[in-house]
Structure formats: structure tokens, C-alpha cells
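All remarks here apply to the structure that follows.
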Amino acid sequence: MDGALGTWRTDVARCEKLVELSLTSGVPKELCTEENLGKCRVHVSMDGDYITSKTEMPGMPTKEIKYKMGEPFEMETPKGKFKVREIF
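FYI, the numbering for the sequence shown is 1 to 88, going by the UniProt record's numbering.
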């Protein structure tokens, strides 16, 4: 897990269908440009057994999720339309 910790930027040139993925995830269409998506940053940290992932994207509120590996948790889509149950 240590290899995933830190701050990451989106490499738009290497991410096929990133715009489509972002639209499907609920990111507003006007923000789904390669230029804007290329400015996204994800900060991943760990505190004990819990992982925190904080995503910053221009034009959107910062999203933070905290979870424990192998345990289900809920998160909202970027537009807040519905909650999704995930397990990592």
C-alpha cells in the first residue's frame, strides 16, 4: 500500500477514456475537458488501518473518502445524486 501513498496528478495522455469515465462518475459535462481533468490531484494517506483519499478538481468541491481495505463504505457521486457502496 505504501506505493500508493502521496499526491498524484492525472496523466491525461495515458488515460484512455478519462472524459467518458468522469462523465459516467457524475462530473458535470462542462468540467470534463482534458485540460481541466489534467489539473486534478489526488492525495492518498493512511492512518492506522484507514486510508484517506482526497480529490481536488478545479470547479468542484474537494471530495474526501475514508475507508478500511476490505470493508464496505458509502460515497456520493460528484453531483451528490446518489450514494454508491464500494469495497476496496
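All C-beta atoms, glycine included, are put in the ideal place defined by N, C-alpha and C. Remember, it's a predicted structure, so these values are computed and weren't measured experimentally.
The Cβ atoms of Leu31 and Val12 lie no closer than 9 angstroms to each other. Comparing C-alpha distances from Asp47 to each of Lys66, Phe73, Thr24, Leu18 shows the shortest one belongs to Lys66. For the 9 angstroms CB-CB criterion, Leu18 and Glu34 form a contact.
Between the C-alpha atoms of Gly3 and Lys29 there is a straight-line separation of about 32 angstroms. Annotation: Val12 is outside any alpha helix (DSSP H) and is labelled neither H nor E by DSSP. In the structure shown, Glu76 falls within a strand segment according to DSSP collapsed to helix, strand and coil. With 16 or more other Cβ atoms inside 10 Å of its own Cβ, Thr10 counts as buried. When only Cα atoms are considered, Pro72 and Cys15 end up about 27 angstroms apart.
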